[in-house]
Amino acid sequence: MDMRTSIDVEERERELVITRILDAPRDVVFRAWTEPDRVARWWGPQGFVTTYCDMDIRPGGAFRVCMRSPEGAEHWKQGIYREIVVPERLAFTFAWEDAEGKPGHQTLVTVTLADRGGRTELTLHQAVFETVAARDDHRRGWTSTLQRFAEYLAGNR
Amino acid sequence: MALPDRLSTTFSALADPTRRAILARLVSGEASVTELAAPFQMSLPAVSKHLKVLERAGLVARSREAQWRRCRLEGGPLKDAADWRDHYRRFWEQSLDRLEDYLDELQAKEKSDGHEDEH
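Those protein sequences? They're chains E and Y, same order as listed. Anchor point for the first sequence: position 77 equals 77 in our numbering, and the numbering is continuous, going up by one each time. Anchor point for the second sequence: position 81 equals 81 in our numbering, and the numbering is continuous, going up by one each time.
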């Protein structure tokens with residue numbers, strides 16, 4: 001039995017991983033993630049406008065950003081920077097706020113930038129657990145529960 | 001855009017191995033509290049406490065008949081929990097599309113200016 005494969009399958013259930021090659025050097029990409037006026041230019045879905053962007057870029061520093069949808073609805077996101085390694089790595093917690101400004105479920109986002117001959121390979125990793133330690137404590141667990149539920153839901157449709 | 005607030009409740013309810021085991025048991029059908037408690041070295045009140053957490057999170061429902069309080073699984077919150085990745089994937093993919101456009105714009109600007117843009 002291929003243990004590696006079965007572990008990877010479990011990881012995929014509770015984590016989101018996105019990889020992209022960007023046609024710009026690492027330092028330019030890093031600045032696009034860490035300078036508020038640059039972040040405001042792209043962070044959010046198509047058609048959304050950043051109306052507030054406060055970022056305290058240091059480990060333990062907070063960010064709070066508001067984006068306005070094309071329909072005019074405001075969506076606030078917030079988090080704490082956990083790790084900043086120029087120009088290769090950025091880790092932060094991430095949560096959407098509800099209507100009262102209360103943060104919802106926290107996730108941990110890690111952005112890694114690798115130099116690819118002047119271009120940049122960006123890997124974005126997002127996990128449902130707030131901290132790396134908490135994530136590692138839950139190596140198996142409810143992931144397989146979710147798989148069973150998916151089967152349950154499929155069977156009850 | 002914001003995830004339903006109950007997602008937090010779902011995840012914290014799922015963060016306990018006993019509660020996950022209870023849910024996994026309920027996948028195969030309804031069960032009484034006694035039946036649910038059987039595999040655990042745990043008192044009935046302790047199991048009831050876990051069930052209350054699951055009920056509050058909307059993951060488990062109990063039938064009304066006082067004599068025969070069967071527990072059953074409620075799928076809705078779990079579907080939301082399983083959907084969290086799709087939600088964020090859409091959010092990030094669209095953001096990264098915009099980041100690509102923005103970086104192109106920056107590179108073009110630097111080329112035409114003939115120098116690194118000022119910090």
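Quick reminder that beta carbons are idealized off the backbone N, C-alpha and C, glycines included.
Here's the rule: buried if 16 or more other CB atoms are within 10 angstroms of the residue's CB, otherwise exposed. What is residue i?
i, result
"Y:Ala108", "exposed"
"Y:Ser133", "Outside the shown range of chain Y (1 to 119) lies residue 133 of chain Y, about which nothing can therefore be said."
"E:Pro70", "exposed"
"E:Ala133", "Because E:Ala133 sits at a pLDDT of 47, beneath the cut-off of 50, its placement in the model cannot be relied upon, and the following sentence gives the value as read from the coordinates. Answer is exposed; the Cβ neighbour count stays below 16."
"E:Thr19", "exposed"
"Y:Phe40", "exposed"
"E:Val85", "exposed"
Do we get a CB-CB distance below 7 Å when we pair residue i with the residues of chain E?
i, result
"Y:Leu59", "no"
"Y:Phe40", "no"
"Y:Ala2", "The pLDDT assigned to Y:Ala2 is 44, lower than 50, so where the model puts this residue is not dependable; a value taken from the coordinates is nonetheless given after this. By this cut-off, Y:Ala2 is an interface position."
Going straight from the alpha carbon of residue i to that of residue j, what length do you get?
i, j, result
"E:Phe48", "Y:Glu100", "16 Å"
"Y:Ala156", "Y:Met42", "The structure shown does not extend to residue 156 of chain Y, since chain Y is modelled only from 1 through 119, so no value can be given for it."
"E:Ile57", "E:Cys66", "17 Å"
"Y:Arg72", "E:Ala127", "29 Å"
"E:Ala24", "Y:Pro77", "41 Å"
"E:Gly118", "E:Asp27", "10 Å"
"E:Ala32", "E:Ile80", "18 Å"
"Y:Arg19", "E:Gln46", "40 Å"
"Y:Gly29", "Y:Glu35", "11 Å"
"Y:Leu103", "E:Val29", "7 Å"
"E:Asp173", "E:Pro36", "Outside the shown range of chain E, which is 1 to 157, sits residue 173 of chain E, and nothing can be said about it."
"E:Pro87", "E:Thr120", "11 Å"
"E:Pro103", "E:His75", "11 Å"
"Y:Leu167", "Y:Arg62", "In the structure as shown, chain Y starts at 1 and stops at 119, and residue 167 of chain Y therefore has no counterpart that could be examined."
"Y:Ala31", "Y:Ala81", "24 Å"
"Y:Tyr48", "E:His105", "Reading the sequence as shown, one finds Ser at residue 48 of chain Y and not Tyr. About 26 Å."
"E:Phe158", "Y:Leu51", "Residue 158 of chain E cannot be examined here, being either before or after the span of chain E that is shown, 1 to 157."
"E:Tyr52", "E:Arg41", "12 Å"
At the 7 Å Cβ level, is residue i part of the contact set with chain Y, yes or no?
i, result
"E:Thr108", "According to the sequence provided, residue 108 of chain E is Leu. The question's Thr does not apply to it. It does not; no Cβ of chain Y falls within 7 Å."
"E:Leu22", "yes"
"E:His219", "With chain E represented from 1 up to 157, any question about residue 219 of chain E goes unanswered, as that position is not in the structure."
"E:Leu113", "no"
Confirm the yes/no value for this check: CB of residue i, any heavy atom of the ligand NAD, distance under 6 Å.
i, result
"E:Arg119", "No copy of the ligand NAD occurs in the structure displayed, which carries no ligand at all."
**Prompt:** Going along the chain, which residues of the region 82–111 of chain Y sit with their C-beta nearer than 8 Å to a C-beta in chain B?
**Reply:** The question asks about chain B, but that chain is absent: this structure's protein chains are E and Y.
**Asked** Of all the residues that make up the region 18–47 of chain E, which are near chain Y by a beta-carbon distance shorter than 8 Å?
**Response** Cβ contacts with chain Y come from Ile18, Arg20, Leu22, Asp23, Ala24, Val28, Val29, Ala32, Arg38, Arg41, Trp42, Trp43, Gly44, Pro45, Gln46.
**Prompt:** At a Cβ cut of 8 Å, what residues of the region 79–90 of chain E count as close to chain Y, listed as they run along the chain?
**Reply:** Within the region 79–90 of chain E, not one residue has a Cβ closer than 8 Å to any Cβ of chain Y.
**Request:** Report the residues of the region 60–73 of chain E with a CB closer than 9 Å to any CB of chain Y, ordered along the chain.
**Result:** Listed in sequence order: Met67, Ser69, Ala73.
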